[in-house]
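Chemist: Residue numbers (my numbering): 21 to 358.
1. By how many angstroms is the C-alpha of residue 91 removed from the C-alpha of residue 98?
2. Taking DSSP as the reference, what is the three-state secondary structure of residue 202?
3. Note down, in chain order, each residue of its chain lying with its Cβ closer than 6 angstroms to the Cβ of residue 295, except the 5 sequence neighbours on either side.
4. Does the Cβ of residue 232 lie closer than 7 angstroms to at least one heavy atom of the ligand MG?
5. For the region 214-221 against the region 298-317, do three or more pairs of beta-carbon atoms, one drawn from each stretch, fall closer than 8 angstroms, so that the two count as touching?
6. Return the CA-CA distance between residue 148 and residue 157, expressed in angstroms with no decimal places.
7. Which two residues bound the contiguous alpha helix (DSSP H) that contains residue 329?
8. So residue 334 and residue 292 are in contact, right, with Cβ under 8 angstroms, and what is the actual spacing, rounded?
9. To the nearest angstrom, how far is it from the Cα of residue 170 to the Cα of residue 162?
10. Classify residue 169 as helix, strand or coil using the three-state DSSP reduction.
11. Which value, in whole angstroms, describes the spacing of the CA atoms of residue 151 and residue 116?
12. Express the C-alpha separation of residue 159 and residue 182 in angstroms, rounding to a whole number.
13. Quick one: Cα of residue 336 to Cα of residue 269, how far?
14. If I measure Cβ to Cβ from residue 188 and keep anything under 6 angstroms in the same chain, skipping five residues before and after, which residues do I get?
15. In the DSSP assignment, what are the bridge partners of residue 154?
16. If we ignore side chains and look at the alpha-carbon of each, how far apart do residue 107 and residue 315 end up?
17. Where in the region 235-277 do unbroken runs of the alpha helix (DSSP H), each at least 4 residues long, occur, reported from the N-terminal end onward?
18. Nearest-angstrom Cα distance between residue 136 and residue 274?
19. What's the call for residue 301, buried or exposed, on a 16-neighbour Cβ count within 10 Å?
20. Here's a check: name, in chain order, each residue in its chain whose Cβ is nearer than 7 angstroms to the Cβ of residue 173, leaving out the five neighbours to either side.
21. Using DSSP bridges, identify the partner residues of residue 209.
22. Report buried or exposed for residue 250, applying the criterion of at least 16 other Cβ atoms within 10 angstroms of its Cβ.
23. In angstroms with no decimal places, state the Cα-to-Cα distance between residue 260 and residue 272.
24. Could you check which residue in 240, 210, 139 has the C-alpha nearest to that of residue 280?
25. Using a Cβ-Cβ cutoff of less than 6 angstroms, which residues in the same chain neighbour residue 36 once the five nearest sequence positions on both sides are dropped?
Here it is in structure tokens:
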């Protein structure tokens, strides 16, 4: 404001200020008046700005709290329904790719959550992550007597929440450092083994076996899954320190334990007999992953498993009996003549 005033006074006609010393007095008076007005305007501007900042600050504090309260309200309503066994499929909206047929499966998962919960599970405060109209609640929960971190996912449509998904495998890539970056958040080796098996068998069932079985029949589709010859070659070349038949058994144990992530016990081994016990992710997948149940029967799923292993055993010169026990355990009894 002061610079503008000085500029304007420089172009005023001299005749307007010809009363000697009064010129400077008038200039001083005008400057004083304008400075006073400017100061007043500045004060008003500052007050107005402060009010805006105060309101903005209040909203910045209140709105997140409101969101948090809304999200915790959703969580508590959900827990109440699950705990009292009142959750229904009309409050479930699976991912579009899974479809409505997945609703009963998700409901059965929630029933398992309720049955296995410890008293403290219902009181845990979840970590809340909101993305658009989706809300994730990350919380530890009891499973088979152990604590497992779960991600409960919800979607909000027209101010109504719906349960969408439940996962024990989730990758915290929201914590990825800014680019450029070459290291990414990871999870445990057992979880990665599960992920590999889920990806592999989901592809085999949904993209290989089912479409081919539909077009050319089950036997044709099953024959395509046989890999016994190549499996035996791998055993003989990667384990050249034992007889071919023993190498096959030892390779089986190594491959299933260290590549596939299964629990393996070699109970006996000779030139004519071997017993191997497996706790397989393959059978866990059918009951826990859920999406396979809607695509293939347990009988056909089991036939895939047996076809592959009978072909591998035969290619290595073994006969094979397969026995099943509860909790996804399988016993392989191999035998052969000398």
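Where is the CB? At the ideal position from N, CA and C, for every residue including glycine.
Modeler: Reading it off the structure:
1. Translated into positions along the chain shown, residue 98 becomes position 78. Translated into positions along the chain shown, residue 91 becomes position 71. Answer to the nearest angstrom: the Cα atoms are 11 angstroms apart.
2. Residue numbering aside, residue 202 sits at position 182 when the chain shown is read from its first letter. Note: residue 202 maps to coil in three-state DSSP.
3. One-based indexing of the chain shown puts residue 295 at position 275. Once the five neighbours on either side are set aside, the close Cβ partners of residue 295 are 287, 288, 353.
4. Summarising the ligand content, the structure contains no ligands, and the ligand MG is consequently not present.
5. yes
6. If you number the chain shown from 1, residue 148 lands on position 128. If you number the chain shown from 1, residue 157 lands on position 137. Distance between the alpha carbons of residue 148 and residue 157: 5 angstroms.
7. The residue labelled residue 329 in the question sits at position 309 within the chain shown. Counting along the chain, the alpha helix (DSSP H) containing residue 329 begins and ends at 318-335.
8. In the chain shown, residue 334 corresponds to position 314, counting from 1. In the chain shown, residue 292 corresponds to position 272, counting from 1. Their Cβ separation, rounded to whole angstroms, is 16 angstroms, which puts residue 334 and residue 292 out of contact at 8 angstroms.
9. For this step, residue 170 is matched to residue 150 along the chain shown. For this step, residue 162 is matched to residue 142 along the chain shown. Each residue's Cα considered, the two are about 10 angstroms apart.
10. On the chain shown, position 149 is the one that residue 169 refers to. Strand at residue 169.
11. Counting from one through the chain shown, the residue named residue 151 turns up at place 131. Counting from one through the chain shown, the residue named residue 116 turns up at place 96. For residue 151 and residue 116, the distance between alpha carbons rounds to 17 angstroms.
12. Here residue 182 is taken as the residue at index 162 of the chain shown, counted from 1. Here residue 159 is taken as the residue at index 139 of the chain shown, counted from 1. So the two alpha carbons sit approximately 18 angstroms from each other.
13. Numbered from 1 along the chain shown, position 316 holds the residue referred to as residue 336. Numbered from 1 along the chain shown, position 249 holds the residue referred to as residue 269. Each residue's alpha carbon lies about 9 angstroms from the other.
14. As a working note, residue 188 is residue 168 in the chain shown. Cβ within range, chain order: 168, 170.
15. Taking the first residue of the chain shown as position 1, residue 154 is located at position 134. Note: residue 154 sits in a beta bridge opposite 151, 175.
16. Mapped onto the chain shown, residue 107 falls at position 87. Mapped onto the chain shown, residue 315 falls at position 295. Each residue's Cα considered, the two are about 25 angstroms apart.
17. 238-244, 248-258, 264-274
18. In the chain shown, counting from the first residue as 1, residue 136 sits at position 116. In the chain shown, counting from the first residue as 1, residue 274 sits at position 254. If you take the alpha carbons of residue 136 and residue 274, they lie about 33 angstroms apart.
19. Along the chain shown, read from residue 1 onward, the residue named residue 301 stands at position 281. Its Cβ being crowded by 16 or more others within 10 Å, residue 301 is buried.
20. On the chain shown, residue 173 is found 153 positions in, with the first residue counted as 1. Once the five neighbours on either side are set aside, the close Cβ partners of residue 173 are 154, 156, 184, 185.
21. One-based indexing of the chain shown puts residue 209 at position 189. DSSP, once it has assigned bridges, lists no residue as partnering residue 209.
22. Start at 1 with the first residue of the chain shown, and residue 250 comes out as number 230. The residue is exposed, with fewer than 16 neighbouring Cβ atoms inside 10 Å.
23. In the chain shown, the residue the question calls residue 260 occupies position 240. In the chain shown, the residue the question calls residue 272 occupies position 252. Near 14 angstroms, if we compare the C-alpha coordinates of residue 272 and residue 260.
24. Reading the chain shown from its first residue, position 260 is the one you call residue 280. Taking only the C-alpha atoms, the option nearest residue 280 is 210.
25. The residue you call residue 36 lines up with position 16 of the chain shown. Because the pLDDT of residue 36 is 34, which lies under 50, any placement of that residue in the model is unreliable, and the question is left without a value.
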